[in-house]
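Protein chains in written order, with this note's numbering: chain S, 2 to 157; chain P, 3 to 390. Glycine included, every Cβ here is placed at the ideal spot set by N, Cα and C. All values reported here derive from a predicted model rather than from experimental measurement. Worksheet: the structure to be examined is printed underneath.
Here you go:
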């Protein structure tokens, strides 16, 4: 078996220094190669993740539009079913009494709110369950309560 | 900083250790070479003495133009005949200031260097006569049964009891003015010279004297410092727990980027799976994703893009920015991104707060119908929400 210790001791000081310098250079090169490889792999993974996330979000928005369109198309001729779903959403979110009316391709919902989050939740749920999109919002603040009228458009 | 003095025996198997720290001193006699480390604290100063008979001291002058290697080559060629062993089996140390070369057998000095490099200390190895050479011109110290001679020119030797008289005769022939001062460490009958000619000196005082002068004297040390794992760990005062902790931290640092890459790949895979599941929900016969955006655009071609816009409620954010109780009424037109705010008799302070909030948001005032009546503000504001 090769006795490395003996070989090392047999070298002159100059040879030992040269060997040490070579070893340090090799280690340094390995370290640089390894770290640059890790950096490039990290960058590559970060870009891939960013693209995958963007693609997912694009597809999700597209899918929501498609589902909303399908839902709205199916429910367009069924005002009673729409009214039932709206009342269901209102009771789930403690919106109290809600008025629902239709005018050609528009639907109006009037209800009272305590805070803005209730409006956002209501609009989101209507969009998800019925597929109607918001057109405008009227907000009236009286001494007693704040009344909100949301105008939705029904797609063809 | 602790100071240690190690007197190595003639057979290099045992040593005597003296330690000094502030006013404390300790002495350990007959310590095995392998056990020395357990008596030495890391980051201390260690001065080791080898019996002078193990080291050959020679005067030699290194020329300014000479490199270290050239000097070594010349030195060995000049003294080749005096060397018992092969030239390559000796190690040479040289003091420029004293023009003094020390020559020692590698089989003696190399194991010592290996051992002392593991101490994690500041180590010096000297011939023993350096310890007492400052005391007088020629000195002779009886230490551990051997007579350590130091001559006025800086050279020295060590003789044993049985050779003492022969050696003295030999030296007197060579050095006519040789009149050594004999020194003993304690009173004893077993001396080869007259007790009355000698003086008793304490080893501690010799050590202290040496310590105070060794740095100024630029004495050639035979210790060759090398970086060793054990020495470095001792120098850093790392115990087992610290070492494990350090290794764990280093491993974490090395593994963190790899783990980061693995996590990102995992998230990417999860996004891709979710994207595929959306397509499969829309169309159960969907097979694989080639270009998800193009494939979704293809599906969206079936519907009128004006009819099914994605829900965007960002515009409602203004209601969060402005205190809702202060607004008498408002109308938001989502199609045209317009907001009408109506205020009814609000105080100037509240109006200035609302005005500041509007300025800070990404809105543009396109119509301002606010009137100031007796310090209260009433009227309407028409804002246009600027897209991001």
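Determine the closest residue to residue i out of the options, with distance taken between C-alpha atoms.
{"i": "residue 52 of chain S", "options": "P:373, P:284, P:351, P:274", "result": "P:274"}
{"i": "residue 328 of chain P", "options": "P:340, P:341, P:348", "result": "P:348"}
{"i": "residue 71 of chain S", "options": "S:149, S:128, S:11", "result": "S:128"}
{"i": "residue 59 of chain P", "options": "P:6, P:23, P:387, P:160", "result": "P:160"}
{"i": "residue 142 of chain S", "options": "P:345, P:331, P:250, P:387", "result": "P:331"}
{"i": "residue 114 of chain P", "options": "P:75, P:165, P:360, P:17", "result": "P:17"}
{"i": "residue 135 of chain P", "options": "P:64, P:156, P:359", "result": "P:156"}
{"i": "residue 230 of chain P", "options": "P:355, P:376, P:122", "result": "P:122"}
{"i": "residue 370 of chain P", "options": "P:96, P:345, P:376, P:355", "result": "P:345"}
{"i": "residue 137 of chain S", "options": "S:146, S:125, S:153", "result": "S:153"}
{"i": "residue 282 of chain P", "options": "S:22, S:64, S:78, S:131", "result": "S:64"}
{"i": "residue 270 of chain P", "options": "S:133, S:45, S:9, S:28", "result": "S:45"}
{"i": "residue 267 of chain P", "options": "S:77, S:73, S:54", "result": "S:54"}
{"i": "residue 132 of chain S", "options": "S:116, S:94, S:67", "result": "S:67"}
{"i": "residue 380 of chain P", "options": "P:356, P:368, P:386", "result": "P:356"}
{"i": "residue 39 of chain P", "options": "P:201, P:212, P:119", "result": "P:119"}
{"i": "residue 342 of chain P", "options": "P:360, P:352, P:351", "result": "P:360"}
{"i": "residue 216 of chain P", "options": "P:272, P:132, P:79, P:252", "result": "P:132"}
{"i": "residue 58 of chain S", "options": "P:166, P:280, P:181", "result": "P:280"}
{"i": "residue 13 of chain P", "options": "P:148, P:372, P:292", "result": "P:148"}
{"i": "residue 119 of chain S", "options": "S:106, S:104, S:149", "result": "S:149"}
{"i": "residue 142 of chain P", "options": "P:173, P:386, P:34", "result": "P:173"}
Mind checking if residue i is an interface residue toward chain S, Cβ cutoff 9 Å exclusive?
{"i": "residue 217 of chain P", "result": "no"}
{"i": "residue 254 of chain P", "result": "no"}
{"i": "residue 378 of chain P", "result": "no"}
{"i": "residue 372 of chain P", "result": "no"}
{"i": "residue 72 of chain P", "result": "no"}
{"i": "residue 277 of chain P", "result": "yes"}
{"i": "residue 301 of chain P", "result": "yes"}
{"i": "residue 164 of chain P", "result": "no"}
{"i": "residue 1 of chain P", "result": "Lying outside 3 to 390, the shown extent of chain P, residue 1 of chain P is not represented and no answer is given."}
{"i": "residue 10 of chain P", "result": "no"}
{"i": "residue 259 of chain P", "result": "yes"}
{"i": "residue 270 of chain P", "result": "yes"}
{"i": "residue 2 of chain P", "result": "With chain P covering only 3 through 390, there is no way to say anything about residue 2 of chain P."}
{"i": "residue 273 of chain P", "result": "yes"}
Within the continuous alpha helix (DSSP H) that includes residue i, where are the two ends?
{"i": "residue 182 of chain P", "result": "First-last for residue 182 of chain P: undefined, no H or E at that position."}
{"i": "residue 122 of chain S", "result": "117 to 130"}
{"i": "residue 264 of chain P", "result": "242 to 284"}
{"i": "residue 78 of chain P", "result": "70 to 81"}
{"i": "residue 8 of chain S", "result": "5 to 11"}
Establish whether the CB of residue i and some CB of chain P are separated by less than 9 Å.
{"i": "residue 107 of chain S", "result": "no"}
{"i": "residue 15 of chain S", "result": "yes"}
{"i": "residue 60 of chain S", "result": "yes"}
{"i": "residue 56 of chain S", "result": "yes"}
{"i": "residue 146 of chain S", "result": "no"}
{"i": "residue 137 of chain S", "result": "yes"}
{"i": "residue 10 of chain S", "result": "yes"}
{"i": "residue 70 of chain S", "result": "yes"}
{"i": "residue 91 of chain S", "result": "no"}
{"i": "residue 33 of chain S", "result": "no"}
{"i": "residue 119 of chain S", "result": "no"}
Ends of the beta strand (DSSP E) at residue i?
{"i": "residue 52 of chain P", "result": "47 to 52"}
{"i": "residue 340 of chain P", "result": "340 to 349"}
{"i": "residue 303 of chain P", "result": "Looking at the DSSP string, residue 303 of chain P is not in any beta strand (DSSP E), and its letter there is neither H nor E."}
{"i": "residue 58 of chain P", "result": "57 to 61"}
{"i": "residue 66 of chain P", "result": "Taken as a continuous stretch (DSSP letters only), residue 66 of chain P belongs to no beta strand (DSSP E), as it is neither H nor E."}
{"i": "residue 89 of chain P", "result": "Per DSSP, residue 89 of chain P belongs to no beta strand (DSSP E) and is neither H nor E."}
{"i": "residue 104 of chain S", "result": "100 to 104"}
{"i": "residue 367 of chain P", "result": "365 to 370"}
{"i": "residue 142 of chain S", "result": "134 to 142"}
{"i": "residue 97 of chain S", "result": "Where residue 97 of chain S is concerned, there is no enclosing beta strand (DSSP E), given that its DSSP letter is neither H nor E."}
{"i": "residue 335 of chain P", "result": "331 to 335"}
{"i": "residue 384 of chain P", "result": "378 to 387"}
Item to check | alpha helix (DSSP H) runs wholly inside the stretch 94 to 170 of chain P, at least 4 long, in chain order | outcome: 108 to 119
Next on the checklist: I'd like the ranges of any alpha helix (DSSP H) spanning at least 4 consecutive residues and lying wholly in the stretch 202 to 242 of chain P.
Outcome noted: 205 to 219, 231 to 237
Next on the checklist: Three or more C-beta pairs under 8 Å: does that hold for the stretch 44 to 52 of chain P against the stretch 4 to 13 of chain P?
Outcome noted: yes
Checklist entry - Are the stretch 251 to 266 of chain P and the stretch 31 to 51 of chain S touching by the rule of at least three beta carbon pairs closer than 8 Å? => result yes
Checklist entry - Taking three-plus beta-carbon pairs below 8 Å as touching, is the stretch 18 to 26 of chain P in contact with the stretch 88 to 98 of chain P? => result no
Checklist entry - Does the count of Cβ pairs from the stretch 86 to 95 of chain S and the stretch 108 to 126 of chain S closer than 8 Å reach three? => result yes
Next on the checklist: Please give the ranges of any alpha helix (DSSP H) in the stretch 43 to 95 of chain S, keeping only runs that are unbroken, at least 4 residues long and fully inside the region.
Outcome noted: 80 to 93
Checklist entry - What runs of the alpha helix (DSSP H), each 4 residues or longer, lie entirely inside the stretch 15 to 42 of chain P? => result 38 to 41
Next on the checklist: Any contact between the stretch 231 to 244 of chain P and the stretch 40 to 48 of chain P? By contact I mean 3 or more CB pairs, one from each, below 8 Å.
Outcome noted: yes
Item to check | Sufficient close CB pairs (3 or more, under 8 Å) joining the stretch 125 to 135 of chain P to the stretch 216 to 227 of chain P | outcome: yes
Next on the checklist: Can you confirm whether the stretch 180 to 190 of chain P touches the stretch 199 to 215 of chain P when touching is taken to mean that 3 or more C-beta pairs between the two stretches lie within less than 8 Å?
Outcome noted: yes
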